[in-house]
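Peer 1:
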Amino acid sequence: MKIAILGADGYLGWPTAVNLAFKKNKLLLIDNYVKRRLMTNFNKKPLVLSPKLDKKVKYLKSHGCQVNYENIDCCNYDKLYNSLKKFKPDAVIHYAELPSAPYSMIGEKEAWLTLQNNLRSTFNLVWCVKAINKNCHIIKLGTMGEYGTPNIDIEEGWINVKHNNRNQKFMYPRQASSLYHTSKIMDTDLLWFYVRMYDLRVTDLMQGPVYGVLDNEFMSNNNLQNTYSYDDIFGTVLNRFIVQAVAGMPLTIYGSGNQIRGYINIKDSLKCIDLALNNPPKAGKLNINNQFTEQFSVNQLAKKVKSALKEINISAEIKKIINPRKEKEKHYYNAKNTNLLKLGLKPRLLTNKEIIKLANYVIGYKKKINKNIIKPKTKWV
Ligand code: USQ
Numbered sequence: 000m001k002i003a004i005l006g007a008d009g010y011l012g013w014p015t016a017v018n019l020a021f022k023k024n025k026l027l028l029i030d031n032y033v034k035r036r037l038m039t040n041f042n043k044k045p046l047v048l049s050p051k052l053d054k055k056v057k058y059l060k061s062h063g064c065q066v067n068y069e070n071i072d073c074c075n076y077d078k079l080y081n082s083l084k085k086f087k088p089d090a091v092i093h094y095a096e097l098p099s100a101p102y103s104m105i106g107e108k109e110a111w112l113t114l115q116n117n118l119r120s121t122f123n124l125v126w127c128v129k130a131i132n133k134n135c136h137i138i139k140l141g142t143m144g145e146y147g148t149p150n151i152d153i154e155e156g157w158i159n160v161k162h163n164n165r166n167q168k169f170m171y172p173r174q175a176s177s178l179y180h181t182s183k184i185m186d187t188d189l190l191w192f193y194v195r196m197y198d199l200r201v202t203d204l205m206q207g208p209v210y211g212v213l214d215n216e217f218m219s220n221n222n223l224q225n226t227y228s229y230d231d232i233f234g235t236v237l238n239r240f241i242v243q244a245v246a247g248m249p250l251t252i253y254g255s256g257n258q259i260r261g262y263i264n265i266k267d268s269l270k271c272i273d274l275a276l277n278n279p280p281k282a283g284k285l286n287i288n289n290q291f292t293e294q295f296s297v298n299q300l301a302k303k304v305k306s307a308l309k310e311i312n313i314s315a316e317i318k319k320i321i322n323p324r325k326e327k328e329k330h331y332y333n334a335k336n337t338n339l340l341k342l343g344l345k346p347r348l349l350t351n352k353e354i355i356k357l358a359n360y361v362i363g364y365k366k367k368i369n370k371n372i373i374k375p376k377t378k379w380v
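For what it's worth, numbering that gives the first Met the number 0 labels the leading residue of the sequence shown as 0, then goes sequentially.
Right under this line is the structure:
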């Protein structure tokens, strides 16, 4: 397939590119390094910083992969249009969004950048696909956080509502707890509107917090690992816990720790992309998949890390701190995730072995851990 990846430099973008390049797809990688710039501006150096895409693409080419890179801001319609028009993709994977809830809650400037970057890039992609080839499959990374934590089961994208003896299928209600997550709700609304209007083919992936690294030989032999963040703005909870444990710092549980989320290993996340690519929706259909494999509360997650790392003689302390976020700390949570399982996903669960493997990877970079960038500083209210 000819596949364009928007946001190909990121934590998910680069492993996705490697995975698809070695499966003999022809790739166009697009990124403007906006996240790198933000991380530098905020002094949030990742534990592992992936090389830039021009270097990474050279390595892929030297291994026989058909791949090119263009430095394009997806918010620039003309540039994105010209690039996609020339490449003529069969599918576009859209990761080109600012992915941090804490970043989006810092202040007006950060909130607006998140909102305008995320909506504009999605809007531009829709218009490019509509103008160039309506059959092109858009695969968009959404988030489980769009649903929030409702007091009823979370369905996969849609819900049947019976009202005064009449039935209608609606998009499942969404109610997020950060501006970032809210921008993803708006993305989903935009996509659904344009699918209905123009018969586009879209898959929206509601992904939970991701953890881990893609440690394949090509990446590790050539020092091309994906970026791994652990700071308070760009790091996600499990990746942070592992770094905290390795650094001898307490695992920071925000509030009561009863917040439940659906988690997924990065390797499963890549499999979900493969499954989405191989199962495109019909024209005029929006597929929504809940992309996580297991549900945990933050307390359960911390306990799992603590008990697994005992096996390698790391004794992790768990510490509850005041929750910097405004989110429900005790709530019902039961989210469905059957679509991807039906398509063939075989979940890689969070076993002690997986936790230890990740900890050993982090231990390799232990000297680079900066303890000053871990404590949360952004308060929601
Ligand atoms: N948390 C802690 N301690 C920490 C960090 C986080 O207790 O040191 C808690 C948070 O309060 C939250 C949960 O862990 O309840 C998850 O937080 P997170 O920072 O791992 O994830 P979140 O901000 O929700 O966002 C991440 C990604 C985002 C993706 C989302 C999926 O940054 O791009 O969309 O996970 S989901 O959470 O399902 O919406």
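Virtual Cβ for every residue (Gly too), placed ideally from N, Cα, C. Computed from a predicted model, the values in this text were never measured in an experiment.
Quick one: is the Cβ of HIS330 within less than 7 Å of any heavy atom of the ligand USQ?
Peer 2: Stepping through the sequence shown from its first residue, residue 330 is reached at position 331. No - the ligand USQ has no heavy atom lying nearer than 7 Å to the Cβ of HIS330.
Peer 1: Which of helix, strand or coil does DSSP assign to SER103?
Peer 2: Looking up residue 103 in the sequence shown gives position 104. The answer is helix: DSSP assigns SER103 an H, G or I state.
Peer 1: Between ASN40 and SER314, what straight-line distance do the alpha-carbon atoms span, to the nearest angstrom?
Peer 2: Sequence index remark: in the sequence shown, residue 40 carries index 41 (1-based). Sequence index remark: in the sequence shown, residue 314 carries index 315 (1-based). Roughly 34 Å separates the two Cα atoms.
Peer 1: CB-CB under 6 Å to ARG260, same chain, minus the five flanking residues each way: which ones, in chain order?
Peer 2: Translated into positions along the sequence shown, residue 260 becomes position 261. GLY207 and PRO208.
Peer 1: Counting only runs that start and end within the segment 182-217, where is the beta strand (DSSP E) found for 3 or more residues in a row?
Peer 2: Taking only runs of at least 3 residues, the beta strand (DSSP E) segments lying wholly in the segment 182-217 are 200-206.
Peer 1: Output the distance between the C-alpha atoms of VAL236 and HIS136, rounded to the nearest integer angstrom.
Peer 2: Reading the sequence shown from its first residue, position 237 is the one you call residue 236. Reading the sequence shown from its first residue, position 137 is the one you call residue 136. Straight-line Cα distance between these residues: approximately 31 Å.
Peer 1: Below 8 Å between beta carbons: does that hold for LEU46 and TYR331?
Peer 2: Walking along the sequence shown from the start, residue 46 turns up at place 47. Walking along the sequence shown from the start, residue 331 turns up at place 332. No; because the gap between Cβ atoms is not below 8 Å, this pair is not in contact.
Peer 1: Near GLN224, what residues of its chain come up, given a Cβ to Cβ distance below 7 Å and the 5 sequence neighbours on each side ignored?
Peer 2: The residue given as residue 224 occupies position 225 in the sequence shown. So the qualifying residues of the chain are VAL47, SER49, VAL212 and MET218.
Peer 1: According to DSSP, simplified to helix, strand and coil, what is THR161?
Peer 2: Start at 1 with the first residue of the sequence shown, and residue 161 comes out as number 162. Before going on, a small fix: residue 161 reads as Lys here, not Thr. If DSSP states are grouped into helix, strand and coil, LYS161 belongs with the strands.
Peer 1: Quick check on the burial criterion: 16 or more other C-beta atoms within 10 angstroms. Buried or exposed for ILE29?
Peer 2: Position 30 of the sequence shown holds residue 29. Buried, because 16 or more other Cβ atoms sit within 10 Å of the Cβ of ILE29.
Peer 1: Could you check how far apart the C-beta atoms of ILE138 and ALA246 are, in whole angstroms? I think they sit under 8 Å.
Peer 2: If you number the sequence shown from 1, residue 138 lands on position 139. If you number the sequence shown from 1, residue 246 lands on position 247. At roughly 36 Å, the Cβ-Cβ gap does not stay under 8 Å, so ILE138 and ALA246 are not in contact.
Peer 1: For the 8 Å Cβ check, are there 3 or more pairs between the segment 153-162 and the segment 294-306?
Peer 2: At 8 Å Cβ cutoff, the stretches do not touch.
Peer 1: What residues match up with HIS136 in a beta bridge as DSSP calls it?
Peer 2: Mapped onto the sequence shown, residue 136 falls at position 137. For HIS136, which the question treats as bridged, DSSP gives the partners ALA90 and ARG200.
Peer 1: Measure the C-alpha to C-alpha separation of GLY343 and ASN278 and round it to an integer number of angstroms.
Peer 2: As a working note, residue 343 is residue 344 in the sequence shown. As a working note, residue 278 is residue 279 in the sequence shown. Their Cα atoms are separated by approximately 11 Å.
Peer 1: When burial is assigned at 16 or more other CB atoms within 10 Å of the CB, is ASN13 buried or exposed?
Peer 2: The sequence position of residue 13 within the sequence shown is 14, counting from 1. In the sequence as presented, Asn is not what sits at residue 13; that position holds Trp. That one is buried.
Peer 1: Among the residues of its own chain, which have a CB less than 8 Å from the CB of THR377, if the five just before and after it don't count?
Peer 2: Indexing the sequence shown from 1 puts residue 377 at position 378. Taken in chain order, the residues that qualify are PRO101, TYR102, MET104, ILE105, ASP231, ILE232 and PRO323.
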